[in-house]
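First comes the structure, then the notes that go with it.
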Amino acid sequence: LQSRGAVHRHRPSARHPVFTTRPTWEDNFWKFTRGSRTAIERWLAWDAREGWSAATRPGVNLSDAGDWPATRPTPGGGDLGLQSPRVVVLSMAARANRRHRFVLGFAELCLDMGLTWAPSLDGSRIPVELRWMNGFEDKASWDHDKPGNWACYASHLAILRAHHALCSQCDLVVFEDDVVFKPGFRTSFDSFLKAVPHDWDILRLGGLSLWEPPLEVADTFFRTKAVCNTWGYVVRARSVDRLATLLADLPVRGSWGVDAVLQLFSGRLREFAPAAPLVFTASGCHDTSEKIGQSHCET
């Protein structure tokens, strides 16, 4: 799910046209504010049939505990110090082994909350012309051979939209399914949360690197601009809908992954990361490219 390769700094150009059709019929789950109207209409139809909004999705049966293991809150466990947090874990349907490993690590945190699985969209099932609401196949785009790049972006957007609709007063915690937690995660997270300024909007808990120098440097944290990967992050309740709206405007289409796009919002949303990551990836692959062999994705 990570977009580790999406470090290119291409900007929209004549070769990557930006449509500014702004629909007046925005009362739908996605609320895209940029793109081809025809593409958006077709996307909504596809989504209702087999996407995030579908009653049943191909290959996804959340009631099957063998594929999607259930978790239970630890009585008397910790609460992370957040406001009524919901934990959502993004996972491809085929990654059952990752999910079983994740719940073992999550249980060791001894939190008084369970988690919600969010089955990621499968980029291979999305019509290529519907990526980024283009309405055409953009063979010149950086992610033309990476169908999972758009699927990853849309899945993170969907998590934000669904969370806000379900509990607009709840902080949102998102993990990807192949992460492992730093030993002493709860203690480290508690110290980090107490150290950052009280007006934070987003907390980035782990990533491969910083793509840009931090905006501020403190003893135990950075105020970040561009963080590689979306292994784990927290969005404050008051900022969930705003972040979703910014992403739904599709400011860069086909050149960056969702992790790179987040840097465009650093002037509007205050984002912080600990001086040392609190989560790490435990997989040698990601699901954004058809060219990458999948035999090792369960490691």
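Numbers in this note's numbering are just positions in the sequence shown, counted from 1, shifted up by 45. Cβ atoms here follow ideal geometry from the backbone N, Cα and C, with glycine treated the same way. Keep in mind the model is a prediction, meaning the values are calculated, not measured.
Can you tell me whether residue i is helix, strand or coil according to DSSP?
| i | result |
| --- | --- |
| isoleucine 204 | helix |
| proline 319 | strand |
| serine 233 | helix |
| arginine 102 | strand |
| arginine 249 | strand |
| phenylalanine 74 | coil |
| glycine 193 | helix |
Would a C-beta distance cut-off of 8 Å place residue i and residue j closer than the cut-off?
| i | j | result |
| --- | --- | --- |
| leucine 205 | valine 303 | no |
| leucine 288 | valine 297 | no |
| serine 165 | leucine 135 | yes |
| leucine 260 | arginine 249 | no |
| leucine 253 | cysteine 273 | yes |
| serine 81 | methionine 178 | yes |
| leucine 323 | phenylalanine 234 | yes |
Around the Cβ of residue i, are there at least 16 other Cβ atoms within 10 angstroms (buried) or fewer (exposed)?
| i | result |
| --- | --- |
| alanine 83 | It should be pointed out that residue 83 corresponds to threonine in this sequence rather than to alanine. Counting Cβ neighbours within 10 Å, threonine 83 comes out exposed, since fewer than 16 surround it. |
| valine 224 | buried |
| threonine 232 | exposed |
| glycine 312 | exposed |
| lysine 184 | exposed |
| lysine 191 | buried |
| phenylalanine 181 | exposed |
| leucine 217 | buried |
| histidine 209 | buried |
| alanine 115 | exposed |
| aspartate 124 | exposed |
| glutamate 153 | exposed |
| glycine 193 | buried |
Per DSSP, which one or two residues make a beta bridge with residue i?
| i | result |
| --- | --- |
| alanine 110 | Beta-bridge pairing links alanine 110 to no other residue. |
| tyrosine 278 | Val219 and Arg249 |
| leucine 255 | Val272 |
| glutamate 95 | BP columns for glutamate 95 are empty, so no partner. |
| phenylalanine 266 | Pro319 |
| leucine 261 | This sequence places glutamate at residue 261; leucine is not what is there. DSSP output for glutamate 261 lists Arg268 as bridge partner(s). |
Completely contained alpha helix (DSSP H) runs for the stretch 127-181, where each covers 4 or more residues:
141-152
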